[in-house]
Amino acid sequence: MRRLRVGDLVQVISGKDKGKQGRVTKVLADDDKVVVEGINVVTRHQRPTPRNQQGGKITKEAPLYASKVMPVDPTTGKPTRVKSTVVDGKKQRTAKSGAVIAAG
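Counted from 1, the sequence shown has number 52 at position 52 by the UniProt record's numbering; the numbering is strictly sequential.
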């Protein structure tokens, strides 16, 4: 069971965006990276193409290592570790406080 899923509210625990919170928009499991909206925003120069006539500078979120973010506990609003528990025969992600972490 994965620690992070698309739609999770996470907080950055290290790096230039430390302390910021955002939702996971993409999980790159092979590279162990995640893309979080509004976090790790980079500027790229786009050359004019037939699809994009204008070109110019575009800003987008770049992936960052999953170890740099932690899910936010729904009850306390602070970063928390995740454990998996079995309730009624189904596995679910649980915060350290015991609250169930629901994706999205």
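Note that the Cβ used here is the ideal one computed from N, Cα and C, for glycine as well.
Any idea if residue i is buried or exposed, counting beta-carbon neighbours within 10 angstroms, 16 or more meaning buried?
{"i": "Gln11", "result": "buried"}
{"i": "Pro71", "result": "buried"}
{"i": "Asp8", "result": "buried"}
{"i": "Gly22", "result": "buried"}
{"i": "Leu28", "result": "exposed"}
{"i": "Asp73", "result": "buried"}
{"i": "Val24", "result": "buried"}
Once DSSP output is grouped into helix, strand and coil, what is the label at residue i?
{"i": "Lys83", "result": "strand"}
{"i": "Lys90", "result": "strand"}
{"i": "Lys20", "result": "coil"}
Could you name the residues that DSSP lists as bridge partners for residue i?
{"i": "Ala95", "result": "Val82"}
{"i": "Ile101", "result": "According to DSSP, which records beta bridges pairwise, Ile101 is partnered with nothing at all."}
{"i": "Gln46", "result": "Gly56"}
Please work out which residues of its chain come closer than 8 Å, Cβ to Cβ, to residue i, disregarding the five sequence neighbours upstream and downstream, and give them in chain order.
{"i": "Gly56", "result": "His45 and Gln46"}
{"i": "Lys18", "result": "Val12"}
Which residue wins for smallest C-alpha separation from residue i, given the options the options?
{"i": "Thr76", "options": "Val86, Gly89 and Ser97", "result": "Ser97"}
{"i": "Pro79", "options": "Val6, Arg5, Lys20 and Gly15", "result": "Lys20"}
{"i": "Glu37", "options": "Arg2, Asp30, Thr49 and Lys26", "result": "Lys26"}
Please go through the same chain and pick out, in chain order, the residues whose beta-carbon is closer than 6 Å to the beta-carbon of residue i, but skip the five residues on each side of it.
{"i": "Leu64", "result": "Asn40"}
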